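The structure appears below as structure tokens.
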Amino acid sequence: MIAVDTGLLAHAVNRYSPEHAHAADLLESLANGEAPWALPWSVVHEFLELVTHPHSVARALGPADAWAFIESLAASPSLRFLGPGPGHAEACTEVLALRDADAAHGLDPSFATAVLLREHGVRELLSTDPGLRQWRFLDVRDPLHGEPWKPDERPGRRYQTLSRRRARG
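With our numbering, you'll find the sequence shown wraps up at 402, consecutive numbering, no jumps.
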């Protein structure tokens with residue numbers, strides 16, 4: 234399963250972004266595809282905060298419009314929302330242990346997303362944020378800036394598939 238980060242969502246919803254068409258096409262291919270993909274709740278929350286704040290974007294959306302975009306994605310039968318579950322504390326401990334040793338500063342907001350991805354066994358992330366590469370267990374790719382990605386171009390499975398959770402939470 235592959236997850237999507239905030240930046241990709243923000244470009245897809247912002248028709249004035251130079252990367253809008255590419256980001257929207259990518260999300261549409263995920264939403265219409267059969268392969269499971271994921272949105273951590275931390276990403277959804279960050280997206281809502283970002284695109285509705287008048288000082289963060291040139292043309293802020295109203296909260297209802299931003300939520301409607303998330304609801305349109307939620308209609309995809311292959312989408313899984315990732316939230317904290319029974320293994321959250323253990324995943325938190327693991328992510329702290331796997332953190333890039335060169336990162337001498339404190340934890341940044343990507344920590345919450347990294348923990349959710351680790352807990353749910355997600356190892357691939359599409360993101361425009363290079364800071365997410367600090368989480369060594371993740372294969373982070375930026376499909377909008379030099380690292381093209383399409384669902385039908387996925388490499389073969391490199392690891393055992395973890396049990397799928399059906400509940401959206």
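The beta carbon of each residue, even a glycine, is placed where N, CA and C say it ideally should be. Computed from a predicted structure; not experimentally measured.
Distance, residue j Cα to residue i Cα
| i | j | result |
| --- | --- | --- |
| residue 348 | residue 325 | 5 Å |
| residue 311 | residue 261 | 12 Å |
| residue 299 | residue 288 | 16 Å |
| residue 280 | residue 240 | 8 Å |
| residue 234 | residue 309 | 14 Å |
| residue 238 | residue 323 | 22 Å |
| residue 351 | residue 328 | 7 Å |
| residue 316 | residue 363 | 23 Å |
| residue 391 | residue 321 | Because the pLDDT at residue 391 is just 37, under 50, the model does not fix this residue reliably, and the value given afterwards should be weighed accordingly. Cα-Cα distance, rounded: 24 Å. |
| residue 284 | residue 278 | 10 Å |
| residue 266 | residue 319 | 29 Å |
| residue 340 | residue 282 | 19 Å |
| residue 304 | residue 276 | 14 Å |
| residue 290 | residue 344 | 23 Å |
First through last residue of the alpha helix (DSSP H) which encompasses residue i
| i | result |
| --- | --- |
| residue 372 | Note, residue 372: premise wrong, no alpha helix (DSSP H); beta strand (DSSP E) at 372–374. |
| residue 307 | 296–307 |
| residue 236 | Where residue 236 is concerned, there is no enclosing alpha helix (DSSP H), although the beta strand (DSSP E) it sits in stretches over 235–237. |
| residue 352 | 343–352 |
Range covered by the beta strand (DSSP E) that runs through residue i
| i | result |
| --- | --- |
| residue 368 | Segment: none, residue 368 is in no beta strand (DSSP E) and carries neither H nor E. |
For residue j and residue i, believed in contact at Cβ under 8 Å, the rounded distance
| i | j | result |
| --- | --- | --- |
| residue 346 | residue 296 | Rounded, the Cβ-Cβ distance is 21 Å, inconsistent with contact. |
| residue 302 | residue 246 | 5 Å |
| residue 374 | residue 359 | 6 Å |
| residue 377 | residue 252 | 5 Å |
| residue 264 | residue 353 | No, residue 264 and residue 353 are not in contact; Cβ-Cβ is about 19 Å, not under 8 Å. |
CB contact check: residue i to chain B, cutoff 8 Å
| i | result |
| --- | --- |
| residue 261 | In the structure shown, chain B does not exist; there is a single protein chain. |
Residue i in three-state terms, based on DSSP
| i | result |
| --- | --- |
| residue 245 | helix |
| residue 271 | strand |
| residue 313 | strand |
| residue 329 | helix |
| residue 340 | coil |
| residue 377 | coil |
| residue 252 | coil |
| residue 240 | helix |
Own chain residues within Cβ distance below 8 Å of residue i, not counting five before or after
| i | result |
| --- | --- |
| residue 292 | 247 and 249 |
Same chain only: Cβ atoms within 6 Å of residue i, ignoring 5 sequence neighbours per side
| i | result |
| --- | --- |
| residue 357 | 235 and 372 |
| residue 294 | 284 and 285 |
| residue 331 | 369 and 370 |
Own chain, CB closer than 7 Å to residue i, minus 5 neighbours either side, in chain order
| i | result |
| --- | --- |
| residue 243 | 280, 283 and 284 |
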